[in-house]
Each structure stands twice: as structure tokens, then as C-alpha cells.
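What follows is a single structure, written as C-alpha cells, with notes after it.
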Amino acid sequence: MILQEDVDLLRNIPLFRNIDSSKLKLLAFTAERLTYRPGDALFSQGDQGDAAYIIVQGEADVVIETPSGPLIVATVKKNDFVGEIAILCDVPRTATVKAKSEVVTLRIAKDVFFQLVTQFPQISVELMRELAGRLERTNQKLQQAVGEIKRLSVNPT
Amino acid sequence: MEKNLFKFIFKYTRAQQIYIICVTALALPFYYSSLDIPKKIVNAALKIDDPMTTGDEFPRYFSVLGFDIIALDQLPLLFSLCALFLALELVKGGFKMYINIYKGRLGERMLRRVRYMLYARIMRFPLPHFRKVSTGELVPMITSEVEPLGGFIGDAFALPALQGGLLLTAIFYIFSQDPFMGAAAIALYPMQAYVIPKLQRKVNQLAKLRVKEVRGLAERMTETVQGVQEIHTHNTAHFHLSEFSERLGEVFNIRFQIYNKKFFIKFLNDFIAQLTPFFFFTVGGYLVIKGDLSLGSLVAVLATYKDLSPPWKELLNFYQQFQDVRIKYEQVIGQFEPPGMMAEEKQLAEPETIPSLKGELQANNLSLQDDDQVSIVSGVTARFKLDEHVAVVGSAGSGKEELLLLLARLVEPTGGRVSVEGADLGPLPEAVIGRRVGFVGQNAYCFSASLRNNILYGLKHRPVADPPPEIADPGERKRWLAEAVLTGNSRYDILADWVDYRAAGAEDSSGALVAALKAAQIADLTDDIYHFGLRGALDPQRQPDAAAKILEARMALSQRIQEPAYTNLVERFDRERYCNNATLAENLIFGSTVGKTFDVDRLAEHPHVLHVLDKVGLTDDILVKGHQLAATMIELFADLPSDHELFQRFSFISADDLPDYQALIGRVERDKLKQIKGPDRIRLLSLPFKLVPARHRLGLIDEAFQVRVLEARRVFHDELPENLRSAIEFFDATRYSAAATVQDNILFGKVAYGVAHAQEKVGALISEVIASHGLKDVVMAVGLEAEAGIGGSRLSVAQRQKIAIARNIVKQPDVLFISEATSALDSASQGRVMQNLRQAFKGRGLVWSLQRASFAKSFDRVLVMRNGAIVQQGRFDEVDAEDSAFRELSRAES
């Protein structure tokens, strides 16, 4: 069953790793497998985000528009999760993601995801845990960065 | 309309009422003779000769109405009398039937007249009045409240005349027998005639109240229907139920009081009616015992009194019924005479020539007050030429909307006047205003008709030609309309062609279609119509050329999708291949269904389907797959509450059915599926029909299964019974399918699931093919036939606004007023519509109430409104001055 493959795929995503497998299955069933040709955009910078994507196959470039033209900031590949911020809060896309080769994705629509989260508090607890972990890591990085800045401003070299 | 019911009836049915009375009078002699005959049979034919009396022996006279006709012996006399009895009964019955039918027809005609008059009045109500009345009130008034009128009108004069006549005759008879007893018999009538109306008056008041309350009920219901979304949103069902319950209680209470009073009146009537015999018995009996009166006289008087009482009762009943109907009539009429109603003549007059409005339009001291005397527009004086384009700007509530309504003569001003070249527009009939002036407001309304009819609606003033004989027999229609005219109804034939092509600058109906499309283009509606056309159906029998062209387009598309840029976007239908992007049902039937015969929800019950599945041995496979599918669905969805949105969007099993399936799966093991029977079998069998392999990814449809389905497809096709052939149009690459949409006919396949942007890319490709095959006109023509739905419900608000604009363009008015009529359009579309309209109305008047002051820049003249008055007017550069009201407005926007 292909559905089972998708469930396994979802399990590999840190955000979902602690979620009950029956719920993951529902998420997989409501998700959509989409194939992109090389050059097709999964989404574009500035768009309202309506879905998150898991790369199942192929590679895609993450591109940011800068005053001096588009700049590739990263490349995503199998098992990477892109655009996930959009399904958690209302922000415009911060980058464009473009297929580099033929890309197969699993598309999780924001409204469906939200409905699942509001229905099963257990999912939201797991999500919170994961996000809190991320926040913690970000905070640490921030502290390090602030420390670094202080150090640099005290001893300018 | 006459306020008094009797006057109203008399005005329209005088001659008929007199006729009814005459015929009734004519029937009376027959009636009486027939009553007389049984007595004669007993007294003359059956009475044995009394040898003591002479001059009374046989032959006795056969007499009718007191005239002796012929002397006959006993048996001939008996049979003659019996024959006469039968003949009279026939005549009597015939008269009765004739009069009843006549009365019924008269009543129905009057009812038709009343309803027509009331409906016609609704269209003449002043516009602001519609804020005060609701459909919920108006509808029952015209439908149910006037209904009893029909039954009453036939009897309105005849019944009192007849029963009154009978009563007078009986009274006269009693008096002629014995004046004293006669006086005694009617002694209590004056009292009844005095007391009963007094009591009745109270009943009447209650009845009025009841009518009002029931109207209130209707209003509540309309409100509930219209606001049902709010009720769900805010969980206010209890509030509304309680409110409705309160109203029902009021109605109940009033009804109950009416019953109390009504039956008290009845009791009183009956009692008084028996009071007279009481006096007869006591006084008369006393006199008889005393020997002052013979027993025979008393019995005779009592018998006569019995004749007196029925007509009197009938009259009293009639009086009550009359009161009831009168109140309903007056209550209804009162609601249909709002102050400021337009004169009938003004709405319906048909002047010889319709003058064009040219020159300068002037508004002098124009003002409008609402019911509370609050000024909405005050003392507006403005003038502009009818070839200028005028922008009206102001904040919300500045009165700009009302000003446009006043200028377009849709609302009567409370003061001042609007004139063109000095000629007052006020007295002009709607025939002129409605054809020479256009107006589009914010609330665009679409009628339940095709888009074409909605756009051409503004041309349907009067029929322009008789209906073609193939849709209506001329003689039949003539009689039909003659009946309508008899009751003051419309003399115009609704089946006729109403579209005034010439007003649209066209020669015939195809010209009008061109004009409609052009108007649609100006209103930026072309794309919408085009998309309706793609989703619409075309009749290949009526348009064989178009169908042939579409087939060519299908061929072209099949070539194009093989280009590398389009590979895997479309899966074409192929008789020999399983379509992975279609459902199992579609793969089995392999055609478009017509009607409900092969409805996918009931496919598993269809005998032919079951036969086919059995024959190729697929039934058990599908049962197994149904079982697996059910188990998966239960696993996925059992935790969700039954009203969860995901259910509707994704589940194969509806929330209501899920428990049934849960029980089923628990009960039946997989290896025992073969023995499953009845509803359980249908349940499992029906599930897999909606499976689409490319979409659902459940891995249930493998290649071996597909091969068997292809086999079933062949059997399904070959063995389809003759009587079911019309229910399916099989996919055939070389034939146009009338059952499918234009788009599906061109595509002849399925857009692939799971390929990004497939729908958009294929849509663009189809458009390309349509354009290159010159099919755009065909698609547009199909699109124009799309139905707008009730109140335009199938259209978006923006589409409705655009249709209202197109409707006003097509009738080519001399001046067009636009009151924020593009509010629902996106800004790009708004810009296009404005530009197109400015272009189309070059040389004609255009007055536009703008949402944004900045749009006013290109207009010839700008009016700036504030608090109902014009504070600035002139060219754009004149009003756009430092510290002006205009500046303030534009600053507030940015």
C-alpha cells in the first residue's frame, strides 16, 4: 500500500515523530501526492501559505529574491519538510521553492492539518513539545550569537 | 381599490350578481312545486275517498302550483305525480349545479382579479416602502388571505336575496294565517338583530388581530430562512424557537378567544330560536287547556314556525361569514396602499414615441427625507450635459447613493425636481424612464433564468411579436388571453417574444445575442460566460456543425498532449485501457450517464451492473475490496466526530453510515464474504465504486483486477438492455457526447491527479485549442444559456453585479447611473469595467458614484457630497483644491 509508505515518510519528520500512527495515517490519507517538473515552483515568495510539503523524491532549490536577483540559499531533498511554518501560522512565504529535478512531494493542506490538530489535542501537545524544543535551540543559538557580538564589540579586531 | 368589500364586489360583478338572482328566482317555482308534491301524493293520490264528504272523490285534479290541469283516477294520478316529482328533481338539481358552477367561476375570476391587482400594486410601491414590508408578509396576503373571498363572492348577493325572500314569504304567510301568532314568531328577531352584531364586533376585532399575528409568523419564518447561517453561527436556535413559540401562543390565545365568543353567539342564536317555541308551548298550551285556542291551530303555527327558522339561521351565518371575509379583505387592502404609490397609468402607459433624453439634465433643489423627517438629501442643485461623464464622490452616508436614485427617478423626491432641457422628468411614464435611463446599484439582482435572458432582461418591455405557432396554438392563446382580460389581467402573452431587438440596435435575435456578448465584454463578463460555456452542454442535434468542430478540437488536443511539456497531464479514455484517474464506476460504465439510472451511489443495486459483475466473476473481488476499504475507513475516521469536515471531504463512508459499517465489519469475517446477503452485501459492494487509483493510493486496484474490469466493461456494453441504452452515452472518440460538458468533450479523458498545476495547464491548453478552432463563439453561446439560479444563487456577487451592468448597457440608455455597482469586483476588473464603460458611453450621459475619490480624476465633472448636500462641483482640477472637502476625502483614502 502506497499509503503506508507515506505514513513512514511522515514518521521521519521530526514535527510528527511522536504522533500516534493511526493519526499519521489519516494525515497521509488526506495529503496529496504531487509531481513537479524541473523548474516548476512548489510555492513562491510572498504567496499566502496554504500547505506544507514533504519531499518524497528529487531535489528542489530554496530561492530568495534579493535586490541583486534570486539567490539560492539551500537545496532540499528526500525527507525534507518545507513550508511548514505556513501551516502553523499566517505568514507569507519567505522563499520560493523550485524543483531542480523531477520532484515528488506529499502536500499537507493547512486547513486539513488544522482540523486534525484541533480535533486531537494529543497531536497539538506533541507539536508543542517539538516547537518548544526548536525554540529552546534557537534561544541557545541566539545567546551564543549575542555573546559573540558582545565579545566582538568589546575586542574589535 | 375599493375599501368596502360590497362596493368592490358590486363594481366588478354587478351584472353577474343580478343574473344569479334572476336564475335563482327562476328556480324557485320548481323548488316549491317539488316540495309540494309529496304532500299531494299523500293528500290526493293516496287518500281514500271519504264517503261522508262529497266533491272530493276520484277523479281528482292533477294540479301544479295551485293550477288544476286535469282530473285523473287514483293510479294515473299517483304515477303522474311521481313522474312530475322526478322531473322536478332533475330540473331542480340542474339549476343547482348550473348556479353553483356559475358562482364558482365568478368567485374564481374575482379572486384572480384581486390577486392580480395586489401583485400589480407591489410593483408600484415606492422603493423606500420595501424596507418596511417583508416578503413573508406579502406572500400570504396574496395567496391564502384572499382565498376565502372566492367562495364568498358568488353568494354575496344571491344568498341574502334568496334567504331574505324566503324569510319574508314565510313571515308574510304566518301573518296572513294569524297576525297575533306572526307577531309572536318574529318578536325576538329585533333583539337578535341588536345583540348579535355587538358580540360579533368583538369577534371581528380578534379576527383582525389574528390576521396580523399570522402575518408576523410568516415574517419570522422568512427571517429564519434568510438568517439561518447566523443562527448556526451563534447557536441561537433556542432563542428563535422560543420567539416562535411565543407567537404561536399568541395565535392560540386569540383563536381560543374567538372560539369562546363565536360559540357563545351560536349558543345564543340557538337558544333564542328555541325561545319562541317555548312561548308557543307555554302560552299556546295554556290557551288550549283553557279552551281559548284549538289544538289544530297551535300545531299549524308551530309547523309554519319551523319554516321560518332555517332562512333566518342562514342569514345569521351569512352575516358571520361576511364579517370574516370583510375583515380579511380590509386588512389586505390596507397593506397595499402605501402613501406615495405610483399611479397605474404611469407604470403601464405606452406612449406612441419614446423621446430620447438629450441636452442638459438639471436637478433643482432636490431633497429627500425619510419617514422620520430626517434629511438624507437636502436642496441639491446641479446641472450637467447628457454627454458628460460625472463622478459623484463622498463618504458613506453622504447621500450620494440616494442622490443617484433620485436622479434616475427610482425614488420620488420629497422636494424639488429633475428635468431635462427644462422638461420635468417627474410625470414621465416608466416607459420612457425605464428605457432611456439606466441604473445599476450595489445590490444587483439576477432572475432565475439563463444568463442570456438576464442580460436581455432590460429589453423586455412589451412583446414584439406573437408567439410562434409551433409553441402555442394561436386560437388557444386568444381564448386564454380573452379570459385574462375579462378579469382585468394582463393582455400580453408571456409566450411571445419579448426581446426588443431594435432597442439594442439589432435586427433579429442573433443580433441581440451579439449585442448581449458585446455588453458582457464591456462589463468584463466574457471570462465568466466562457467558463460557464466550458461547463455547459451543447445539443449536437441542433448544432451539428459546432459539435463537429469540437470533435476536431478533441483530435487537436490529443495531439498536443503528447508534446513533452504536457506528458502525463491527461489520461485519455481508451476502451482497451483502465483509466487510473477515473473511478471504478466510470471505468466500468465507460460513458456519461444520463439521468439517475446509473447513479454512482446506487450502482451496486442495479440489476444490470450485478449481472455483469457476476458474469465476469468480479462480485467477490469487489466484496473483498469493499471489506478492506470499509476497514480502512473505520480505522481512519472512527475517532472523528460525525459532523467533522474531514468526513465530508475524504471519507468513503458518510458519518451516519459509519456505525452500520462498523457493526458489519465486526460481524462478517473476510473469508465468509461470499455468504453475505441483503443490505450488508449492497453496503460493501457499493463502496469501491468511487475508488480512483491515482488519487486514493490505497493499493486496492491492481493490474489483474483492472484487466477483469475491462472485461466487465465489454460485457456491460454488449449486454446492455435496449431500454437502458438512453441512460448512458458511451465514450466514443469519434462521437460528440450530448451528456457531457463542452470541456469534457474536448478533453475526452481525465486530468491527472498528482501532477502539480495539471488543472491550470490543461485548462490553458483547452482554451488554446478552442481559440485555434474558432470555437470561442460556440462556447460563449453555450455559456449564455447557463442558468443563474434562484435570485442568481449560482453566480458570485461579482458576476451578478457584472450582469446588472451588462443589462444596462444592452438597452442603450441615454444616461446611465452607477452607484458603487462594482464593489464586489476585484480591483483589476473594476478598472477594466470603468474604462470600458467610459469608452462605450462616449457621447452619452454617465453618472458614477465612486467608492474612491481618486478615481474621479478622468471624469468631466465631479460632484462632492457631504451630509446630503453638494459641497463642491466642477472640473477635477477645480474641486481638487487645497483644504477642500475633496482633498479631505482623497487624503482619507490613502
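Taken in order, these protein sequences are the chains called F and P.
Reading the first sequence from the start, the letters are residues 220 to 376 in the numbering used here.
Reading the second sequence from the start, the letters are residues 119 to 1012 in the numbering used here.
Every residue, glycine too, gets a C-beta built ideally from N, C-alpha and C.
Bear in mind that the values here come from a model prediction, so they are computed numbers and not experimental data.
Between Arg-815(P) and chain F, is any beta-carbon pair separated by less than 9 Å? yes
Whole-Å CB distance - Ser-516(P) paired with Gly-497(P), under 8 Å assumed: Not confirmed; about 14 Å, so no contact.
Does any C-beta atom of chain P lie closer than 9 Å to the C-beta of Ser-241(F)? yes
Does the Cβ-Cβ distance between Leu-528(P) and Tyr-854(P) come in under 9 Å? no
Since Pro-266(P) is in the alpha helix (DSSP H), which residue starts that stretch and which ends it? 265-271
Alpha carbon of Arg-303(P) to alpha carbon of Pro-428(P), nearest angstrom: Checking the sequence, you will find Ala at residue 303(P) rather than Arg. Approximately 13 Å, taken between the alpha carbons.
What ranges does the beta strand (DSSP E) occupy inside the stretch 288-318 of chain F, keeping only unbroken runs of at least 3 residues that lie completely in it? 288-295 and 315-318
Specify whether the stretch 469-480 of chain P and the stretch 528-539 of chain P touch according to this definition: at least 3 beta carbon pairs, one from each stretch, less than 8 Å apart. yes
Should Phe-691(P) and Leu-934(P) be called a contact, given that it needs their Cβ atoms to be closer than 9 Å? no
Is the beta carbon of Ser-967(P) less than 9 Å from the beta carbon of Lys-503(P)? no
Residues that DSSP places opposite Glu-689(P) in a beta bridge: Lys-868(P)
Proximal residues of chain F, C-beta to C-beta of Val-873(P) below 9 Å: Leu-253, Thr-254, Tyr-255 and Arg-256
Select from Tyr-684(P), Gln-318(P), Pro-658(P) and Gln-780(P) the residue whose C-alpha is nearest the C-alpha of Glu-847(P). Pro-658(P)
Which whole runs of the alpha helix (DSSP H) in the stretch 782-852 of chain P are 4 residues long or more, in chain order? 796-804, 811-814 and 821-836
Just tell me which of Asn-435(P), Leu-411(P), Ile-271(P) and Pro-177(P) has its CA closest to the CA of Gly-282(P). Asn-435(P)
Using only the alpha-carbon positions, how far apart do Ile-679(P) and Arg-831(P) sit? 26 Å
Can the beta-carbon of Ile-707(P) be found closer than 9 Å to that of Ala-638(P)? no
Does any residue of chain F bring its CB to less than 9 Å from the CB of His-762(P)? yes
Endpoints, the alpha helix (DSSP H) within which Ser-760(P) is located: From DSSP, Ser-760(P) is part of no alpha helix (DSSP H); its letter is neither H nor E.
Integer Cβ distance of Phe-977(P) from Phe-994(P), believed to fall under 8 Å: 7 Å
Which two residues bound the contiguous alpha helix (DSSP H) that contains Leu-635(P)? 627-640
Measure how close the beta-carbons of Leu-420(P) and Phe-398(P) come, nearest whole angstrom, since I'm counting them as under 8 Å. 6 Å
Anyone know if the C-beta pair for Phe-755(P) and Lys-808(P) falls short of 9 Å? no
Does Arg-678(P) have its Cβ less than 9 Å from a Cβ in chain F? no
If we define contact as Cβ-Cβ less than 9 Å, is Asp-225(F) a contact residue for chain P? yes
Between the stretch 281-292 of chain F and the stretch 236-245 of chain F, can you find at least three pairs of beta-carbon atoms closer than 8 Å? no
Residue span of the beta strand (DSSP E) that contains Arg-597(P), given as start and end: Counting along the chain, Arg-597(P) falls outside any beta strand (DSSP E), though it belongs to the alpha helix (DSSP H) covering 592-604.
Do Lys-446(P) and Glu-263(P) have their C-beta atoms within less than 9 Å of each other? yes
Tell me whether Ile-205(F) is buried or exposed, calling it buried when 16 or more other Cβ atoms sit within 10 Å of its Cβ. This structure does not reach residue 205(F), given that chain F is present from 220 up to 376, and the question cannot be answered.
Is the shortest distance between the beta-carbon of Leu-805(P) and the beta-carbons of chain F less than 9 Å? no
Note the first and the last residue of the continuous beta strand (DSSP E) segment covering Asn-699(P). Run containing Asn-699(P): none; DSSP gives neither H nor E here.
Assuming Gln-919(P) and Ala-904(P) make a contact with CB atoms under 8 Å, what is their CB distance in whole Å? The Cβ separation is near 17 Å, so there is no contact.
Consult DSSP for Thr-859(P) and reduce its assignment to one of helix, strand or coil. coil
For my contact list, Arg-570(P) and Leu-842(P) are in at a C-beta cut-off of 8 Å; report their separation, rounded to the angstrom. The pair is not a contact, with the Cβ atoms about 34 Å apart (cut-off 8 Å).
With 16 as the cutoff for other CB atoms within 10 Å, does Ala-822(P) come out buried or exposed? exposed
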